[in-house]
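Numbering (the UniProt record's numbering), first residue to last: 1 to 312.
The next block holds one structure in the form of structure tokens; read it before the comments.
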Amino acid sequence: MTETLPLVSIIVPVFNGERHIGQCLTSLVGQRYPNKEIIVVDDGSTDNSAAIVRSFGDRVQYLLQDNAGSAVARNTGLDHAHGDYIAFNDGDDLWAPNRLHQQVHFMETHPEYGVATGRFAHVDESFSFSDAQAVNEEVQPSVVSSRSGWVYHTLFETSWYHIIAALVRKEVLQQVRFNPSYRRGQDYDFWLQLAATTRIAQLDTLYAYYRKNNLSISHRPHLRNYRAEIMENAVKTMGTRSQSGESIQPTELDRFFFKVWFEHGYELFLAKWYKPALQSFIKAMKYKPMRFDSYKFVMRCLIHLPSDESPR
Numbered sequence: 001m002t003e004t005l006p007l008v009s010i011i012v013p014v015f016n017g018e019r020h021i022g023q024c025l026t027s028l029v030g031q032r033y034p035n036k037e038i039i040v041v042d043d044g045s046t047d048n049s050a051a052i053v054r055s056f057g058d059r060v061q062y063l064l065q066d067n068a069g070s071a072v073a074r075n076t077g078l079d080h081a082h083g084d085y086i087a088f089n090d091g092d093d094l095w096a097p098n099r100l101h102q103q104v105h106f107m108e109t110h111p112e113y114g115v116a117t118g119r120f121a122h123v124d125e126s127f128s129f130s131d132a133q134a135v136n137e138e139v140q141p142s143v144v145s146s147r148s149g150w151v152y153h154t155l156f157e158t159s160w161y162h163i164i165a166a167l168v169r170k171e172v173l174q175q176v177r178f179n180p181s182y183r184r185g186q187d188y189d190f191w192l193q194l195a196a197t198t199r200i201a202q203l204d205t206l207y208a209y210y211r212k213n214n215l216s217i218s219h220r221p222h223l224r225n226y227r228a229e230i231m232e233n234a235v236k237t238m239g240t241r242s243q244s245g246e247s248i249q250p251t252e253l254d255r256f257f258f259k260v261w262f263e264h265g266y267e268l269f270l271a272k273w274y275k276p277a278l279q280s281f282i283k284a285m286k287y288k289p290m291r292f293d294s295y296k297f298v299m300r301c302l303i304h305l306p307s308d309e310s311p312r
């Protein structure tokens with residue numbers, strides 16, 4: 001029976017993930033879908049991650065690379081993947097039991113979609129695989145129509161998706177890769193590329209558990225506004241129109257750019273990084289020059305400039 005089922009490649013980047021990588025892999029190995037390969041790409045870990053991964057034996061393929069970031073690690077995994085479908089998980093996150101059966105069946109019966117993704121839940125450090133809710137693989141999942149189809153033009157406002165809940169056709173990934181120049185927002189950039197390339201199906205089923213980690217780089221302020229950079233690059237290289245012909249209006253795009261620059265400025269302001277915060281608020285004003293709150297924070301930044309604590 002295994003030979004008749006499509007092969008699924010599951011790519012897992014890990015860096016110093018000894019605390020959770022064992023449970024992560026348990027949730028993948030335990031998937032009842034039989035025709036799968038699990039590829040762990042170790043991004044130069046210095047802890048016990050390698051030994052834990054190797055304890056799973058031939059059920060997991062282990063690759064080691066010099067530390068280069070999760071985007072490079074995922075791309076390395078893609079280069080070694082043989083599957084008809086590709087899925088991803090991070091070393092501290094978990095999959096719902098039995099999800100692959102349902103996702104693969106959906107994709108095999110809905111060739112119009114290049115990606116099928118599901119819901120994900122935020123969990124804390126104490127969450128374990130035994131707490132995960134199993135997917136009923138016999139049930140046909142419902143499609144959330146408002147978040148499915150050619151959705152590229154909708155993703156400038158927000159992205160509802162998470163890469164750990166997605167299943168992607170291999171041929172789609174001939175055109176899409178993770179961009180290692182983004183230390184934050186790599187997944188968002190990846191989803192924009194996917195949405196510009198293929199139809200996406202959002203399924204109303206819980207497929208993954210995303211572990212919140214307050215030490216993560218995504219929770220720390222950064223001088224670069226990665227989301228704005230990603231949006232600007234998307235507009236420049238892929239435009240504002242989905243393949244369905246639907247497009248985002250210029251006034252709406254200005255509103256979204258104002259939002260990402262203002263929020264970035266506010267994040268820096270709270271960190272007492274007043275000089276870069278000032279620059280972000282000024283950029284926000286470019287998109288919405290009549291918004292009073294931008295002027296208010298510009299003045300507050302100017303007042304606090306002598307006590308600026310931003311990195312030099």
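Glycine included, C-beta positions come from ideal geometry on N, C-alpha and C.
Nearest to residue i by alpha carbon, out of the options?
i, options, result
"I163", "F88, Y207 and H222", "F88"
"Y182", "V104, N233 and L25", "N233"
"W150", "A116, D58 and E18", "A116"
"T158", "D124, E18, R255 and S70", "R255"
"R184", "D204, A196, H222 and N136", "H222"
"Y295", "L278, E309, D93 and E171", "L278"
"E108", "R54, C301, R220 and R169", "R169"
"N136", "H105, I303 and F56", "H105"
"T4", "I10, I11 and N35", "N35"
"A132", "S55, V144, R224 and Q31", "Q31"
"W191", "L253, M238 and S145", "M238"
"R300", "S126, V12, Y266 and M290", "Y266"
"R224", "V12, I11, K283 and L253", "K283"
Compute the beta-carbon to beta-carbon distance between residue i and residue j, rounded to the nearest angstrom, for a pair I have assumed lies under 8 Å.
i, j, result
"V260", "A228", "5 Å"
"H264", "S280", "5 Å"
"S148", "A195", "No, S148 and A195 are not in contact; Cβ-Cβ is about 11 Å, not under 8 Å."
"D124", "K212", "6 Å"
"residue 315", "P97", "In this structure the chain extends from 1 to 312, so residue 315 is not present and cannot be described."
"S70", "Q193", "Contact flag wrong, Cβ pair sits at about 16 Å."
Would the beta-carbon of residue i fall within 7 Å of that of residue j?
i, j, result
"V209", "A165", "Looking at the sequence shown, residue 209 is not Val but Tyr. No."
"G44", "D79", "no"
"L167", "Q102", "no"
"I248", "D189", "no"
"G83", "L7", "yes"
"F178", "R74", "yes"
"L100", "Y161", "no"
"K288", "F258", "yes"
"R199", "Y85", "no"
"L94", "P141", "no"
"T205", "G77", "no"
"G91", "V14", "yes"
"V72", "P180", "yes"
"L25", "D42", "no"
Between which residues of its own chain and residue i is the CB-CB distance below 7 Å, once the five residues before and five after are set aside?
i, result
"G22", "I52"
"S128", "Q23"
"L215", "At L215, the pLDDT of 49 sits below 50, so the modelled position is not reliable and the matter cannot be decided from this model."
"L305", "Y274 and K275"
"N48", "E18"
"N16", "S45, T46, D47 and S49"
"P111", "none"
"F56", "L25 and V29"
Can you name, in chain order, every residue of its own chain whose Cβ lies under 8 Å from the Cβ of residue i, other than the five neighbours on each side?
i, result
"Q61", "E37, I38, I39, V40 and H80"
"S307", "K272 and Y274"
"F292", "none"
"H153", "T240, R241, S242, E246, S247 and I248"
"A121", "L206, A208, Y209 and Y210"
"V172", "G114, V115, L194, T197 and T198"
"V143", "A201, Q202, L203 and D204"
Report all residues from its chain with a CB closer than 6 Å to the CB of residue i; omit the five preceding and five following residues, and keep chain order.
i, result
"S310", "W273, K275 and P276"
"H20", "D92"
"R59", "V29"
"Y226", "Y182, R184 and G185"
"M285", "S294"
"F297", "F281"
Consider the C-beta atom of residue i and the heavy atoms of the ligand FMN; say whether any pair is separated by less than 6 Å.
i, result
"D58", "Questions concerning the ligand FMN fall outside what the structure shown contains, since it holds no ligand whatsoever."
Starting from the N-terminal side, write out each stretch of the beta strand (DSSP E) that is 3 residues or longer and does not extend beyond the stretch 159-245.
Runs found: 166-169 and 200-211.
Ranges of the alpha helix (DSSP H) found wholly within the stretch 255-308, counting only runs of at least 4:
274-287 and 292-304
Any chance you could list the beta strand (DSSP E) runs of at least 3 consecutive residues sitting entirely within the stretch 11-98, in chain order?
Whole beta strand (DSSP E) segments, 3+ residues: 36-42, 61-64 and 85-88.
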